[in-house]
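S.K.: Take a look at the following structure, please.
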Amino acid sequence: MNYKGIALAAFLGIATPAILDIAIPQPVLAAKYNYPKGTFVDKEWKVSLSFNNNVYYYYGEKLNSNAYISLSGAVASGTNDRQVYTWNNNGTKYQVSWRPSDPSFIRVEVKSPNGKVILNRLLMATGD
Numbered sequence: 090m091n092y093k094g095i096a097l098a099a100f101l102g103i104a105t106p107a108i109l110d111i112a113i114p115q116p117v118l119a120a121k122y123n124y125p126k127g128t129f130v131d132k133e134w135k136v137s138l139s140f141n142n143n144v145y146y147y148y149g150e151k152l153n154s155n156a157y158i159s160l161s162g163a164v165a166s167g168t169n170d171r172q173v174y175t176w177n178n179n180g181t182k183y184q185v186s187w188r189p190s191d192p193s194f195i196r197v198e199v200k201s202p203n204g205k206v207i208l209n210r211l212l213m214a215t216g217d
């Protein structure tokens, strides 16, 4: 079975590329969380996170390809020590976990609609 192809398809939301808009009010994030922002990479993936106009944005890209996904809105969960942000793309969940005590890294997980983890990567900040 070609797991890389499945992971890429799920990461990119190829089956149904819809963007879900769920705005989180900035005061909620600002009061409880110091959310991650900037660009994070490893040798195969790049994820950029930004917050603008009360919306948290996720841009994921497979390096050395034209494959990418852009999502907006997120549901915040976790604790002040381990924050979790989840974007939902027609049942496929894109999740970023972040520890403010280790701000140079995020964990990106992509989960299929049945909950199976199809991508799980630790990405490092680029300094952008």
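Last residue of the sequence shown: 217 (the numbering used here), numbering continuous. Every residue, glycine too, gets a C-beta built ideally from N, C-alpha and C.
#1: Just to confirm, is the Cβ distance from Tyr145 to Ser159 under 8 Å?
#2: Applying the criterion that 16 or more other CB atoms from any shown protein chain within 10 Å of the CB defines a buried residue, is Asn142 buried or exposed?
#3: Helix, strand or coil for Ser190? Go by DSSP, reduced to three states.
#4: How is Leu211 classed by DSSP in three states: helix, strand or coil?
#5: Is the beta carbon of Phe129 sitting closer than 8 Å to the one on Leu212?
#6: Using the rule of at least 16 other Cβ atoms within 10 Å of the residue's Cβ for burial, across every protein chain shown, is Pro114 buried or exposed?
#7: Consult DSSP for Thr181 and reduce its assignment to one of helix, strand or coil.
#8: Could you give the distance in angstroms between the alpha-carbon of Asp191 and the alpha-carbon of Asn203?
M.R.: Based on what the coordinates show:
#1: No, these two residues do not count as a Cβ contact at 8 Å.
#2: With fewer than 16 other Cβ atoms from the protein chains shown falling within 10 Å of its own Cβ, Asn142 counts as exposed.
#3: coil
#4: strand
#5: yes
#6: With a pLDDT of only 37 at Pro114, under the threshold of 50, the placement of this residue in the model should not be trusted; the figure read from the coordinates follows. So Pro114 ends up on the exposed side.
#7: strand
#8: In a straight line, the C-alpha of Asp191 is about 30 Å away from that of Asn203.
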